[in-house]
Amino acid sequence: MKKLSIFIILLMCLLPMNAQQVTIKDVANATYRAEGIRGIRPMLDGEHYTQISSDGKRLVKYSFKTGKEVATIFDVETARDCTIKHFDDYIMSPNESLILIQTDTKPIYRHSFTANYYIFNVKNNKMEPLSTGGPQQVPLFSPDGNQIAFVRNNNIYLVKLLFNNSESQITTDGKYNEVLNGIPDWVYEEEFGFNRAFDFSADSKMIAYIRFDESKVPMYSFPLYKGKSPSLDQYATYPGEYEYKYPMPGIDNSKVSVHTFDIKSKVTRKIDLPLDEDGYIPRIKFTNDENALAIMTLNRHQNRFDLYYANPRSTLCKLMVRDEAPQYIKENAYSNITFYPEHFVVMSEKDGYNHLYLYTAGGNLVKQITKGNFEVKDFLGWDQANNTFYFTSNEGSPLRTAVYKIDAKGKKTKLSTQEGSNSAIFSKNMKYFVNTYSSANIPPVITLNDNKGKVLTTLVDNQKLKQQMSGLNMPSKEFFTFKTTDGVELNGWIMKPAHFDTNKKYPVILHQYSGPGSQQVLDRWGIGAMGNGGLFEAYMADKGFIMVCVDGRGTGGRGAEFEKCTYLNLGVKEAKDQVETAKYLSTLPYIDGNRIGIWGWSFGGYNTLMSMSEGTPIFKAGVAIAAPTDWRFYDSVYTERFMRTPKENMEGYEASSAINRANKLHGELLLIHGSADDNVHLRNAAEYSEALVQADKQFDMQVYTNRNHGIFGGNTRHHLLTRVSNFFIENLK
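In case it helps, the UniProt record's numbering puts the sequence shown at residues 1 to 733.
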């Protein structure tokens, strides 16, 4: 007994003394936030990069070789005629002699925003407004650095720096909710992931732009209330409303066309593009040839991608590359094309996995650069002098990414050494890179490396955060795999309470997103529902829960076949796989199969509803946040990519509707939604809740006033997470 007592005392000494518990406020406020580096831009000389100081007051030049500060390029306190106290972002001119300083940033949608920009002259340390006519969007320097184009109120403007910053208006037909020039409409921005739709030619003589005519797209509106944080005082007596164009499946999208503007002659031309009447133009970009405008198009089914070269003056187009898939083409195909003087590099899943392909400028395939049963995640650049390509991929495990290079002979070298998640920013000459590494248990470590992978210096080690986290009652984090009854192997992570007892039976909460191509089960610091090293999971584990996440069929990282098997029937296989997860967990000796919960946000909220009404009564409680409940209510581009139109696939829409499954709901449910969600409208929760009422299913519901899809602002996020955690504690403990 004496020996046993000594052993227990020694064991207790090894455990953290007075370990601090994570609070919901810690989670909501990101109290334990990892340090990072923001606003890095590699400089032309290949030896330096720029970065915004932590206080947002200076733009600093650093050495790629040493990581040391070399000079201050811009300082709000010493710049001449500077009236601002800090800045949000910046854009360097092509020769780095001028800098656009971004201030007063105001978000519009996910990627779009307005801001007031100032032109800073590095040589004379002087600052002046880009324009005095009101806030601007997406300003862009011409390649010669003598002009800046931007968008204001849906029209394109041009500022000529050599002519005393004279400002002229290029388009005049831009109108809110009718015509947009040079910026995408709501659905293009949300689903094609960009915010600027114009570009300069290589000789700086032409501007090309996409024109969006959304006049025939139906309007969608939702009410706005006075609310708090912020308070919209104009609606103190009567509510207001927000109206915008939102195309749903099978409904008219914007009519898109490409136009060019000759800066000298002021002639506007429409490109003779062979586009289907209902086709998409997700990107345009001038190549290194001033006579070759790259126009990327998709058919409405999004299973045929075409890359055209258009002559900006003759308006004629030539097809350079066509990529087709039985289901759909992913965004990588058009968002990662990189043009070089004599070549271009594209991504494609044509062999079943996302890989890099090299083409001549004339559109002839030179070679497939990467091959294998893994996915290339990012193309980082091509060192043409040494004919070496740099990229990140998940070779070895879909849970992890590493930085690689591959030479002309196909010899591949792994440059990042630590196992987990790695991403990189390379210098212009491809001699150095900034590597950001993290894993489930290690917060981000940012290092400077040479192109052989050697670490030159550590910029950020997050040692302070590591020390803080070591004093917290953190759960253990483990990865696992299991096979479903369909014979499909799925990956997951599990977090157990810090003082886990194998003799106890624990309740379990599954968190998942499950949307097409997404991945939640990754070996990275952003693990967990709210990121930040799994802080929300730590809070719940402290309350006696085991927290689990499993990526089911349809998620990313495992090739096209695994990802696209949910095509035309969203939510069916995904829900079954969460049920299979719950069944598997029920077989583990330390898990109480009668106390399993599930929750998720957006697609994860949708899959929560689908899983709880799959027909297997295995979930005792669930929380669905900002959930789509019927794909007929969601936007055209996203939904049709995976489901086609209701007219073409009515059976699929019916099977994928959570509303149609409402009468089979099993378990206690909490529905949460923001009343001003412009992405997944409150209508989804309203229609679903009515279906539950008519099916005589009791449930809880929480609506957040004036909150969008992110549901934050003021005390909102703290309230939401408290609501979620209390709901599970009440129903599963």
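Think of the CB as a built atom: it goes at the ideal place given N, C-alpha and C, for glycine as much as any other residue.
Keep in mind the model is a prediction, meaning the values are calculated, not measured.
Here residue 391 is actually not in contact with residue 415; their C-beta atoms are around 10 Å apart, not less than 8 Å. Within the segment 124 to 188, the runs of beta strand (DSSP E) that reach at least 3 residues and sit entirely inside it are, in chain order, 126 to 129, 137 to 141, 147 to 152, 155 to 160, 166 to 169, 179 to 181.
Per DSSP, residue 683 is one residue of the alpha helix (DSSP H) stretching across 683 to 694. According to the DSSP assignment, residue 510 belongs to the beta strand (DSSP E) that extends over 506 to 511. Per the coordinates, the alpha-carbon of residue 428 lies some 21 Å from the alpha-carbon of residue 393. Apart from the 5 residues on each side of it in sequence, residue 319 sits with its Cβ closer than 7 Å to the Cβ of 306, 308 in its chain, given in chain order. The Cβ atoms of residue 475 and residue 541 sit closer than 8 Å to each other. The segment 221 to 236 makes no contact with the segment 278 to 290, as fewer than three CB pairs between them are under 8 Å. Inter-segment contact for the segment 482 to 495 and the segment 62 to 73 is absent: fewer than three beta-carbon pairs are separated by less than 8 Å. Check the Cα spacing between residue 409 and each of 370, 276, 431, 630: the tightest is with 370.
With the rule of 3 Cβ pairs closer than 8 Å, the segment 713 to 728 does not count as touching the segment 644 to 663.
Residue 373 sits in coil when the DSSP states are folded into three classes, being neither helix nor strand. Nearest neighbour of residue 242 by Cα position, chosen from 109, 136, 613, turns out to be 109. Burial of residue 34 is indicated by the presence of at least 16 other C-beta atoms within 10 angstroms of its C-beta.
In terms of CA proximity to residue 144, 92 leads the group 124, 92, 116.
Separation of residue 217 and residue 640 (C-alpha to C-alpha, rounded to the nearest whole angstrom) is 16 Å. A straight line joining the alpha-carbon of residue 705 with that of residue 520 spans about 29 Å. By the C-beta criterion, the segment 552 to 571 is judged not to be in contact with the segment 692 to 705, since fewer than 3 inter-stretch pairs fall below 8 Å. With 16 or more other Cβ atoms inside 10 Å of its own Cβ, residue 402 counts as buried.
Taking 8 Å as the upper bound for CB-CB distance, residue 195 and residue 184 are in contact here, some 7 Å apart.
Counting every other CB atom within 10 Å of its CB across the protein chains shown gives residue 50 a total of 16 or more, marking it as buried. Positions of the alpha helix (DSSP H) runs, each at least 4 residues long and wholly inside the segment 49 to 105, cannot be given because no such run exists. When C-beta atoms of the segment 83 to 103 are compared with those of the segment 137 to 152, three or more pairs fall below 8 Å, so the two segments count as touching. Of the candidates 525, 337, 316, the residue whose Cα lies closest to the Cα of residue 400 is 525. By the 16-neighbour rule on beta-carbons within 10 angstroms, residue 227 is buried.
8 Å or more divides the Cβ of residue 115 from the Cβ of residue 129.
Along the length of the segment 545 to 618, whole beta strand (DSSP E) runs at least 3 residues long occupy 546 to 551, 591 to 601, reported in chain order. According to DSSP, residue 20 shares a beta bridge with 472.
By the Cβ neighbour-count rule, residue 571 is buried, with 16 or more other Cβ atoms within 10 Å of its own. A distance of 8 Å or more separates the beta carbons of residue 688 and residue 604. Inter-segment contact for the segment 587 to 603 and the segment 642 to 650 is absent: fewer than three beta-carbon pairs are separated by less than 8 Å. Under the criterion of beta carbons closer than 8 Å, residue 732 and residue 507 qualify as touching, at roughly 4 Å. Under the three-pair Cβ rule at 8 Å, the segment 563 to 577 does not count as touching the segment 530 to 538. Per DSSP, reduced to three states, the secondary structure at residue 542 is helical. Collapsing the DSSP output to three states places residue 285 in a strand.
A residue is called buried when at least 16 other Cβ atoms come within 10 angstroms of its Cβ; residue 200 meets this threshold and is buried.
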